[in-house]
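A.B. asks:
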Amino acid sequence: MRIALSLLASASIALSAGGCADYSYLKDQIGETVAAPNTGLLPPTVNPINSTNSKLRELPPPKAPVAVAVYGYGDQTGQFKPVAEGANVQSLSRAVTQGATSILMKALQDAGNGRWFTVVERERLDNLLKERRIIADMRQRYLGEQVVDPAALPPLLFAGVLIDGGIIGYDSNTKTGGAGAKYFGIGGDVKYSEDTVTVYLRATSVKTGQVLLSVVANKTILSYGVQGSAFRFVTYNRLFEAEGGLTMNEPGSLAVEQAIEKAVLTFIVEGSARGLWSFQDKTFQSRIIQDYELNYLQTAQANAGVPQSASSGNGGAAKTAVAANGAPKAGIKPASAPKPATAQVRSAAATASQAKPVQWAALQAPATQGAGQPLLPPAPFVIRPRTLEDEAPIAPR
Numbered sequence: 000m001r002i003a004l005s006l007l008a009s010a011s012i013a014l015s016a017g018g019c020a021d022y023s024y025l026k027d028q029i030g031e032t033v034a035a036p037n038t039g040l041l042p043p044t045v046n047p048i049n050s051t052n053s054k055l056r057e058l059p060p061p062k063a064p065v066a067v068a069v070y071g072y073g074d075q076t077g078q079f080k081p082v083a084e085g086a087n088v089q090s091l092s093r094a095v096t097q098g099a100t101s102i103l104m105k106a107l108q109d110a111g112n113g114r115w116f117t118v119v120e121r122e123r124l125d126n127l128l129k130e131r132r133i134i135a136d137m138r139q140r141y142l143g144e145q146v147v148d149p150a151a152l153p154p155l156l157f158a159g160v161l162i163d164g165g166i167i168g169y170d171s172n173t174k175t176g177g178a179g180a181k182y183f184g185i186g187g188d189v190k191y192s193e194d195t196v197t198v199y200l201r202a203t204s205v206k207t208g209q210v211l212l213s214v215v216a217n218k219t220i221l222s223y224g225v226q227g228s229a230f231r232f233v234t235y236n237r238l239f240e241a242e243g244g245l246t247m248n249e250p251g252s253l254a255v256e257q258a259i260e261k262a263v264l265t266f267i268v269e270g271s272a273r274g275l276w277s278f279q280d281k282t283f284q285s286r287i288i289q290d291y292e293l294n295y296l297q298t299a300q301a302n303a304g305v306p307q308s309a310s311s312g313n314g315g316a317a318k319t320a321v322a323a324n325g326a327p328k329a330g331i332k333p334a335s336a337p338k339p340a341t342a343q344v345r346s347a348a349a350t351a352s353q354a355k356p357v358q359w360a361a362l363q364a365p366a367t368q369g370a371g372q373p374l375l376p377p378a379p380f381v382i383r384p385r386t387l388e389d390e391a392p393i394a395p396r
């Protein structure tokens, strides 16, 4: 026991004396990713731009920015963190982040690099009104102003659209699995599990109170672990035992962030298809709406059990029209040329609507358009930022 304590003390003194040398060696080998000892092991970093956020930032500008207000976008699941295996006490921490409002506001500001939405502050409205009241009181007391100068304290910007919703679902262990093997006490195993987080986004008109648009998006959270161990008797009185492992858990806040960004991206596309707002580039607008319709209809067909050959031209018919010897079967017409993209959309919409009602069919372009023309939404109703001048009564003519 004394020998062990002496070795531990010697190691501690050596590490203390060589701390600077160890840090210099790590910095030379790894670089600036290792911080100084008094600032932590790793320096802080900015969140990386993922693929969904990159698509959101690269959106072309709109015809006019949309003024939106977010009063609250919180956790509506009410779930706590799952109890760890072997634990007897329920954790009081929530299963998902409680800062979803800040994540949503950042996603709205990232859309089109800040050119799509004009986000007004409503989450901490009390603090904003208190500060404006302080300004008005100080100018009245020290400058003698009975009416505050509008140039010094202009009116607040009104929002044309209210953004609401929240995190509506968190399902843990939706899929679990693993594998392992051991041979004479030496082996390992792999385990994985999947969780799903679901977010809901809703837009409401301030003037009429009508719900303009609702979208739902979800994100899968993946966790996996790898473990290996060895347990062998080297001799009859010597036992060798070793184990090691690694566990990777996808951050829940990062999953919520990606789900919200996907919801905002879908929110913009569906809103442009419904005519709530529009892109400056009409060609890009027609292309992104058409791609979204094709993706939506393929998903609807898969849920309705419609064969994929119904929406992929005549590729399936061309395969069945050939006999075993390679010659065409009698009485079967040869496969025709593939349909244009627009015709495929209408054909897929008709097929899917016969098998199962598809809500996106209401967003289709009028049937009077030609087969070669792009799918353009109707004349857009642009929701622009509203100020006090918009609320002034209209003088009779």
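For the sequence shown, numbering that gives the first Met the number 0 gives the first residue as 0, with consecutive numbering after it. Don't be surprised by glycine CBs; every beta carbon is placed ideally from N, CA and C. These figures come from a predicted structure and were not determined experimentally.
(1) Which residues mark the beginning and the end of the beta strand (DSSP E) in which residue 52 is found?
(2) Cβ atoms of residue 258 and residue 398: under 9 Å apart, would you say?
(3) Under a Cβ-count criterion, where at least 16 other Cβ atoms within 10 Å of its own Cβ denotes burial, should residue 109 be classed as buried or exposed?
(4) Taking Cβ to Cβ, would you say residue 107 is nearer than 9 Å to residue 116?
(5) Going by C-alpha distance, which of 254, 58, 201 is nearest residue 283?
(6) Could you tell me the boundaries of the beta strand (DSSP E) in which residue 119 lies?
(7) Pull the bridge partners of residue 254 from the DSSP assignment, please.
(8) Per DSSP, what kind of secondary structure is residue 70 in: helix, strand or coil?
(9) Quick one: grab the DSSP three-state call for residue 217.
(10) In the region 158 to 237, which residue ranges form an unbroken alpha helix (DSSP H) of at least 4 residues, counting only runs that do not cross its ends?
(11) If you follow the alpha helix (DSSP H) that residue 130 is in, where does it begin and where does it stop?
(12) Leaving out five residues on either side along the sequence, give the residues of the same chain with a beta carbon under 6 Å from the beta carbon of residue 135.
(13) Within the same chain, show all residues whose beta-carbon is closer than 6 Å to that of residue 192, passing over the 5 residues directly before and after it, in chain order.
(14) Going straight from the alpha carbon of residue 237 to that of residue 244, what length do you get?
(15) Please go through the same chain and pick out, in chain order, the residues whose beta-carbon is closer than 7 Å to the beta-carbon of residue 267, but skip the five residues on each side of it.
(16) Output the boundary residues of the alpha helix (DSSP H) element that contains residue 100.
(17) Considering only residues of the same chain and omitting the five flanking positions on each side of residue 241, which have a CB-CB separation below 6 Å?
C.D. replies: Working from what's here:
(1) Residue 52 -> not in any beta strand (DSSP E); alpha helix (DSSP H) instead, spanning 50 to 56.
(2) There is simply no residue 398 to check, as the chain begins at 0 and stops at 396 in what is shown.
(3) buried
(4) yes
(5) 58
(6) 116 to 120
(7) Beta-bridge pairing links residue 254 to no other residue.
(8) coil
(9) strand
(10) none
(11) 124 to 142
(12) 147
(13) 172, 175, 222
(14) 24 Å
(15) 58, 110, 115
(16) 99 to 109
(17) 229
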